[in-house]
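In the numbering used here, the protein residues as written are 21 to 174. All C-beta atoms, glycine included, are put in the ideal place defined by N, C-alpha and C.
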Amino acid sequence: MDISIEHLRKASLAFNREDKYELLVLKSHLLIEEKLKEYLASAFYDSDSVMSMSLTFSQVFKLARALKPNDNLNWFWESVGALNKLRNELAHDVNCELTEELLDPVIRPIKKTGMAHFPNGGAGFFKPIVGHLSFLYSQACHLATNEGIFKHRV
21 MDISIEHLRK ASLAFNREDK YELLVLKSHL LIEEKLKEYL ASAFYDSDSV MSMSLTFSQV
81 FKLARALKPN DNLNWFWESV GALNKLRNEL AHDVNCELTE ELLDPVIRPI KKTGMAHFPN
141 GGAGFFKPIV GHLSFLYSQA CHLATNEGIF KHRV
């Protein structure tokens with residue numbers, strides 16, 4: 021198969037972009053997944069078995085959300101679900117560009133809580149995404165460490 025000019029152009033566009041915010045979304049997704057698995061593992065006697073399972077993010081997300089209903093965490097689940105959707109778009113479309121419109125479903129639930137205070141959109145929209153994703157991750161850490169449903173099992 022010959023490599024066409026179109027193939028080279030497509031690769032050039034994909035590899036010459038500065039993807040620091042896209043990479044931040046992908047890394048945040050992985051870190052949050054790890055914490056959700058830890059939260060899941062706290063519900064089982066053999067936590068190592070849970071941690072070694074090859075569950076998709078979607079499966080981990082749904083199981084973790086189903087473990088313990090908490091209306092105070094609806095914003096968290098909404099934001100993490102939107103982060104997963106965004107991650108899928110970024111991971112499966114090499115030319116997907118992160119925009120304010122794509123990020124909004126992830127950030128909007130965080131802003132609604134009033135717990136995280138970052139600037140609104142506009143020219144500097146991408147800078148606060150670091151803070152928003154850090155806040156989301158910190159909440160996943162809290163869930164995994166302090167809210168585990170069977171942390172005090174005998």
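Nearest by alpha-carbon distance to residue i: which of the options is it?
{"i": "Ile127", "options": "Glu117, Asn104, Asn115", "result": "Asn104"}
{"i": "Arg85", "options": "Val150, Asn166, Gly101, His49", "result": "Gly101"}
{"i": "Trp95", "options": "Lys40, Lys47, Asp68, Pro125", "result": "Pro125"}
{"i": "Asp91", "options": "Thr133, Ser154, Leu122", "result": "Thr133"}
{"i": "Glu120", "options": "Trp97, Ser74, Pro148", "result": "Pro148"}
{"i": "Leu87", "options": "Phe64, Glu117, Met71", "result": "Phe64"}
{"i": "Met135", "options": "Leu75, Leu123, Ser158", "result": "Ser158"}
{"i": "Leu156", "options": "Leu122, Leu93, Leu118", "result": "Leu93"}
{"i": "Ile130", "options": "Leu123, Leu75, Met73, Ser99", "result": "Ser99"}
Within 10 Å of its beta-carbon, does residue i have 16 or more other beta-carbons around it, so buried, or fewer, so exposed?
{"i": "Phe81", "result": "buried"}
{"i": "Leu43", "result": "exposed"}
{"i": "Leu50", "result": "exposed"}
{"i": "Ala10", "result": "Outside the shown range of the chain, which is 21 to 174, sits residue 10, and nothing can be said about it."}
{"i": "Val2", "result": "Shown here, the chain extends from 21 to 174; a query on residue 2 therefore has no answer."}
{"i": "Pro89", "result": "exposed"}
{"i": "Gln79", "result": "exposed"}
{"i": "Ser69", "result": "exposed"}
Compute the beta-carbon to beta-carbon distance between residue i and residue j, rounded to the nearest angstrom, for a pair I have assumed lies under 8 Å.
{"i": "Val150", "j": "Leu106", "result": "Incorrect: roughly 15 Å between the Cβ atoms, too far for contact."}
{"i": "Leu153", "j": "Ser48", "result": "4 Å"}
Can you determine whether any heavy atom of the ligand MN sits closer than 7 Å to the C-beta of residue i, and answer yes or no?
{"i": "Leu123", "result": "In terms of ligand content, the structure shown is empty, and the ligand MN therefore cannot be addressed."}
For the segment 157-168 and the segment 40-56, state whether three or more C-beta atom pairs, one from each stretch, are separated by less than 8 Å. yes
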